[in-house]
Amino acid sequence: MKKVLVVDDEPQLLRALQINLRAEGYEVAVAHDGTSALKAAADSPPHVVVLDLGLPDMEGTEVIQGLRGWTDVPIIVLSARHGSSDKVEALDAGADDYVTKPFGLDELLARMRAVERRQLKEHVGTVVEAGDLVIDLAASSVTLAGERVHLTPREWAVLQLLVENQGRLVTQQHLLLSVWGPAYTEEAQYLRVYLGQLRRKLERDPASPVHLLTEQGMGYRFVP
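Under this note's numbering, the final residue of the sequence shown carries the number 249; numbering is consecutive throughout.
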């Protein structure tokens, strides 16, 4: 289930979007201001962000810049500001699309699907090389020193998520939610087991990993 973070200070709009986006199969998180939006995105990274520009504590462009410091998550601005300068500023800050209020739900959903497709295309064909470890995201394959490494579907799902976010921390909760589902977000021992298996298969010295790193108490990071 894909997660969308909706950031807006209008309670009625937030409730309406929660109901309608959940009906479309999204998991929905909400934030009423920029500070809580940045925290929510860091604690449990979303697949797409829908963001108002007029927030009570900061400008939406500041939220965009804060997110762009560590994630390429698609960001759709949803704003009552119609001026071209506002649109240019938001897009230059790193937003992927701009929808003006009032808006139709069908249009918003179409824009969300479009930015998700664009991001997916950016990953297709990506080959990540880390020394003699080669990970082909498009082919779902891994080789070490030229030898194909067999991974189980669950091991691949964990590795893929880490590699797609290479260099960035992926929280335990996000890994568990994405790979195992919402019923398993407290099962941190699953990650210890699977990261141990991946290290034995992919690291030269599993006891001293250089690619699959643990951020104690927070999550994991893939470093090429």
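For each residue, glycine too, the CB sits at the ideal point set by N, CA and C.
List the residues that DSSP assigns as beta-bridge partners of residue i.
i      : result
Ala28  : First, the amino acid is wrong: residue 28 is Lys here, not Ala. In DSSP, Lys28 forms a bridge with Glu52.
Asp122 : Ile101
Ser166 : Asp161
Tyr245 : Val195, Thr239
Glu172 : Leu169
Val152 : Asp161
For residue i versus residue j, is the C-beta spacing smaller than 8 Å?
i      : j      : result
Pro70  : Val32  : no
Glu228 : Leu194 : no
Glu141 : His72  : yes
Arg225 : Pro234 : no
Asp58  : Leu80  : yes
Ala139 : Ile89  : no
Ala182 : Val204 : yes
Thr96  : Asp82  : no
Starting from the Cα of residue i, find the closest Cα among the options and give me that residue.
i      : options                        : result
Val248 : Glu154, Thr168, Val102, Trp181 : Glu154
Leu176 : Thr196, Ile101, Gln191, Leu220 : Leu220
Gln214 : Lys226, Leu201, Gly129         : Leu201
Ala163 : Asp157, Gly171, Val152, Lys64  : Val152
Gly50  : Leu134, His236, Arg246, Thr168 : Leu134
Val53  : Ala66, Gln144, Tyr209          : Ala66
Glu189 : Ala170, Ser165, Arg40          : Ser165
Lys64  : Thr196, Lys27, Thr210, Leu238  : Thr196
Pro36  : Asn45, Ala56, Ala48, Lys27     : Ala56
What span of residues does the beta strand (DSSP E) with residue i cover, start to end?
i     : result
Val73 : 73-76
Ala66 : Ala66 -> not in any beta strand (DSSP E); alpha helix (DSSP H) instead, spanning 59-68.
Where does the unbroken alpha helix (DSSP H) through residue i begin, and where does it stop?
i      : result
Val218 : 213-227
Glu84  : Unbroken run through Glu84: none, as it is neither H nor E.
Trp181 : 178-189
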